[in-house]
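Engineer:
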Amino acid sequence: EATIYESPVVPAPKKAPMDSLFDYGTYRHHPSENKRWRRRIAEKQPPAAKGPAPDPPPVLKVFNRPILFDIVSRGSPAGLDGLLSFLLTHKKRLTDEEFREPSTGKTCLPKALLNLSGGKNDTIPV
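Okay, so the sequence shown: first residue is 1 according to full-length UniProt numbering, each after it adds one.
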């Protein structure tokens with residue numbers, strides 16, 4: 001005699017495969033039953049008010065020694081846009097070892113001074 005409070009159980013073999021501790025007396029679970037319940041709940045919830053999309057995070061340019069030396073030697077200040085934010089977010093300084101010329105140990109400032117055109121290089125603010 002079965003009541004509504006009893007649920008069907010999976011028939012168990014005499015010996016569990018691979019002698020595992022799997023419990024064959026667990027309840028049968030049909031995923032379709034759960035989907036119906038979830039769908040009803042989702043339909044009852046009011047739709048979220050959509051506001052303006054948030055601004056995407058700013059894209060940081062990556063600066064390393066070859067890129068930095070190339071920008072300075074060309075004398076193009078537009079190439080240095082974003083350098084300050086890059087240095088601040090990565091907690092680096094232009095005097096760090098990774099921004100120095102490995103053979104001489106010099107930073108990109110002497111290179112910028114060597115590439116003056118008409119006594120001026122726009123990458124060096126005066």
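Yeah, the Cβ is synthetic: ideal placement off N, Cα and C, and Gly gets one too.
Would you please state the rounded distance, in angstroms, between the beta carbons of L83 and C108? I believe it to be under 8 Å.
Structural biologist: Stepping through the sequence shown from its first residue, residue 83 is reached at position 83. Stepping through the sequence shown from its first residue, residue 108 is reached at position 108. Rounded, the Cβ-Cβ distance is 11 Å, inconsistent with contact.
Engineer: Taking DSSP as the reference, what is the three-state secondary structure of S117?
Structural biologist: Here residue 117 refers to the residue found at position 117 when the sequence shown is read from its first residue. If DSSP states are grouped into helix, strand and coil, S117 belongs with coil.
Engineer: Within a Cβ cutoff of 8 Å, which residues of the same chain sit near K61, ignoring the five residues on either side of it in sequence?
Structural biologist: Within the sequence shown, numbered from 1, the residue matching residue 61 stands at position 61. Cβ within range, chain order: D81, G82, L83, F86.
Engineer: Considering L68, what are the terminal residues of the alpha helix (DSSP H) in which it resides?
Structural biologist: For this step, residue 68 is matched to residue 68 along the sequence shown. Segment 65-74, the alpha helix (DSSP H) holding L68.
Engineer: To the nearest angstrom, how far is the alpha carbon of S117 from that of A78?
Structural biologist: On the sequence shown, residue 117 is found 117 positions in, with the first residue counted as 1. On the sequence shown, residue 78 is found 78 positions in, with the first residue counted as 1. If you take the alpha carbons of S117 and A78, they lie about 17 Å apart.
Engineer: R74 to P52, Cα distance in whole Å?
Structural biologist: Translated into positions along the sequence shown, residue 74 becomes position 74. Translated into positions along the sequence shown, residue 52 becomes position 52. About 41 Å.
Engineer: Would you say A112 and T95 are within 8 Å of each other, going by their C-beta atoms?
Structural biologist: Residue mapping note: residue 112 aligns to position 112 of the sequence shown, counting from 1. Residue mapping note: residue 95 aligns to position 95 of the sequence shown, counting from 1. No, they are not a contact pair.
Engineer: Which stretch, first to last residue, makes up the alpha helix (DSSP H) that contains L60?
Structural biologist: Position 60 of the sequence shown, counting from 1, holds the residue named residue 60. No alpha helix (DSSP H) contains L60, which DSSP labels as neither H nor E.
Engineer: Assuming K106 and R100 are in contact, meaning their beta carbons sit under 8 Å apart, how far apart are those beta carbons, in whole angstroms?
Structural biologist: For this step, residue 106 is matched to residue 106 along the sequence shown. For this step, residue 100 is matched to residue 100 along the sequence shown. Indeed they touch by this definition, with Cβ atoms about 6 Å apart.
Engineer: Within the same chain, show all residues whose beta-carbon is closer than 6 Å to that of D55, passing over the 5 residues directly before and after it, in chain order.
Structural biologist: Numbered from its first residue, the sequence shown carries residue 55 at position 55. So the list is empty, once near-sequence residues are dropped.
Engineer: Quick one: grab the DSSP three-state call for L94.
Structural biologist: Counting from 1 along the sequence shown, the entry for residue 94 is found at position 94. Of the three classes helix, strand and coil, the one that applies to L94 here is coil, per DSSP.
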